[in-house]
């Protein structure tokens, strides 16, 4: 049930933004979302049950009943997250003051749920026709913008710069012709390119060429085991409809492929303007949006075959960043009593040479396979990365007619599947922090909402709730406490560094009291904040949780 699970994965990431927004809103309105407590508790229970290690579905409960139960849990989780997100987004806009003059222009905020300043695209749904300019109200300058269609709805897409840590900026839409800007990328037949990349997208959706135009100007795609890059198993890369250019403008350009080889699917490749993730010195990004439009009952993977020599793969698995090698060769995998065919594909996987490689952010797939790895053999230096699109990879039996395929058959009848990858090239040694931040930015897009308030509960143009002074410290959760905001704000952080750290958390409001807590929010020890600052201590790679009252 890959798409059902993928939807929960996407909702889990969306929860970070929903909870961070609800934290800001609740600090000014302690009654916010009180009536969602029952829905929230059902969602937490569903999270505890969904991955409870009984996916084999070969017990006394029928496969149909098992699948229906999983779907019920899915609805509880996704329903709560979507409701909290929409309510918090709306409430945040109501706490910001709109222009109430006779010539009022629409305003929208752009919110960053992560704890570092960011540059990225931001999309605001906007139906009015005619040319418009978008103004950053903090700098009073026009930003680069374009009109796009997304999900059948019209949006204004902007390139938003310096969106503060756990904070927002406000923009205004003014009538008038925007400044003339070149397109973010150029398209010539199968080729889409910008200053960073040259990509050849075939009609089948397969990428047959990917050139790094900045660093080593090398071709990164190499045919392996009969498959290329972003390859779902096509037999003929040229099979498909004519390629289509979508949403071409100065912020981004998308090239789309549609094919039925080997299954009905669509592929969208997007390049961006100045796509520097995380501000100056960041890495450019390629977005790849894949989708399937048909049910399937076999095992399918998206292959990424790379032109790399004896690479090493690193990947994140639920808070651990692992090297996909056996421990006897410097990796994190046991050398015995272990299974090697499928690795956990959480936020990212990175495959590369000592000082050059590719980081792939993943939103939807739960597992990947290196080359032709088997349960007993790990292809540690394979340059082919196979993301599991879905299917039953295990059987129970001895190969006879009564062999049972474990799990739910035929994806439980689902016919629409979404897969989103983003990739960047690194030109230095693998950096776990850089890979983690890249994937978090991809999977936690900037949140956009209309400004509708009549009073300024928060500052009119920009605000940051939290700043940290240690680059390796990542915000993992920011939310009202389980008992409500009157019992404080819960903040959970992950020190990704390999060394201990003593970060200072600088908050946008004076702190009255603070505690370090367990991860289930039980106070362990009182801390001693100084005005807006809280000094903390982390061991290497440690996750800590805090309660703060402002």
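In this note's numbering, the protein residues as written are 1 to 550. Ideal Cβ positions, reconstructed from N, Cα and C, are used throughout, including at glycine.
Coil, strand or helix - residue i by DSSP
i, result
"residue 57", "coil"
"residue 188", "strand"
"residue 20", "helix"
"residue 375", "coil"
"residue 527", "coil"
"residue 387", "strand"
"residue 419", "strand"
"residue 320", "strand"
"residue 486", "helix"
"residue 532", "coil"
"residue 25", "helix"
"residue 283", "The pLDDT assigned to residue 283 is 48, lower than 50, so where the model puts this residue is not dependable, and the model offers no usable value."
"residue 248", "coil"
"residue 15", "helix"
"residue 295", "coil"
For residue j and residue i, believed in contact at Cβ under 8 Å, the rounded distance
i, j, result
"residue 173", "residue 105", "6 Å"
"residue 423", "residue 23", "Going by Cβ atoms, the distance from residue 423 to residue 23 rounds to 32 Å, so no, they are not a contact pair."
"residue 239", "residue 204", "5 Å"
"residue 13", "residue 444", "6 Å"
Residue i - containing alpha helix (DSSP H), residue span
i, result
"residue 543", "Not the alpha helix (DSSP H): residue 543 falls in the beta strand (DSSP E), residues 543–549."
"residue 362", "Counting along the chain, residue 362 falls outside any alpha helix (DSSP H), though it belongs to the beta strand (DSSP E) covering 356–362."
"residue 69", "63–94"
"residue 409", "Unbroken run through residue 409: none, as it is neither H nor E."
"residue 40", "37–50"
Residue i vs residue j beta-carbon contact at 9 Å
i, j, result
"residue 505", "residue 533", "yes"
"residue 324", "residue 370", "yes"
"residue 438", "residue 335", "no"
"residue 363", "residue 419", "yes"
"residue 527", "residue 115", "no"
"residue 63", "residue 46", "no"
"residue 270", "residue 287", "yes"
"residue 57", "residue 408", "yes"
"residue 299", "residue 393", "yes"
"residue 162", "residue 117", "yes"
Between the CA atoms of residue j and residue i - distance to the nearest angstrom
i, j, result
"residue 33", "residue 59", "40 Å"
"residue 458", "residue 316", "36 Å"
"residue 236", "residue 465", "52 Å"
"residue 491", "residue 131", "42 Å"
"residue 224", "residue 382", "10 Å"
"residue 245", "residue 201", "12 Å"
"residue 68", "residue 3", "14 Å"
"residue 144", "residue 38", "43 Å"
"residue 372", "residue 26", "51 Å"
"residue 411", "residue 442", "27 Å"
"residue 48", "residue 76", "12 Å"
"residue 436", "residue 519", "21 Å"
"residue 169", "residue 209", "38 Å"
"residue 157", "residue 481", "34 Å"
"residue 283", "residue 166", "Reliability of the predicted coordinates at residue 283 is poor, the pLDDT of 48 falling under 50, and the value obtained from them is presented with this limitation in mind. Roughly 21 Å separates the two Cα atoms."
"residue 42", "residue 513", "30 Å"
"residue 272", "residue 446", "15 Å"
"residue 430", "residue 219", "20 Å"
"residue 28", "residue 326", "51 Å"
"residue 123", "residue 251", "11 Å"
Host beta strand (DSSP E) of residue i (start-end)
i, result
"residue 477", "473–480"
"residue 508", "Element bounds for residue 508: n/a, residue is neither H nor E."
"residue 200", "197–201"
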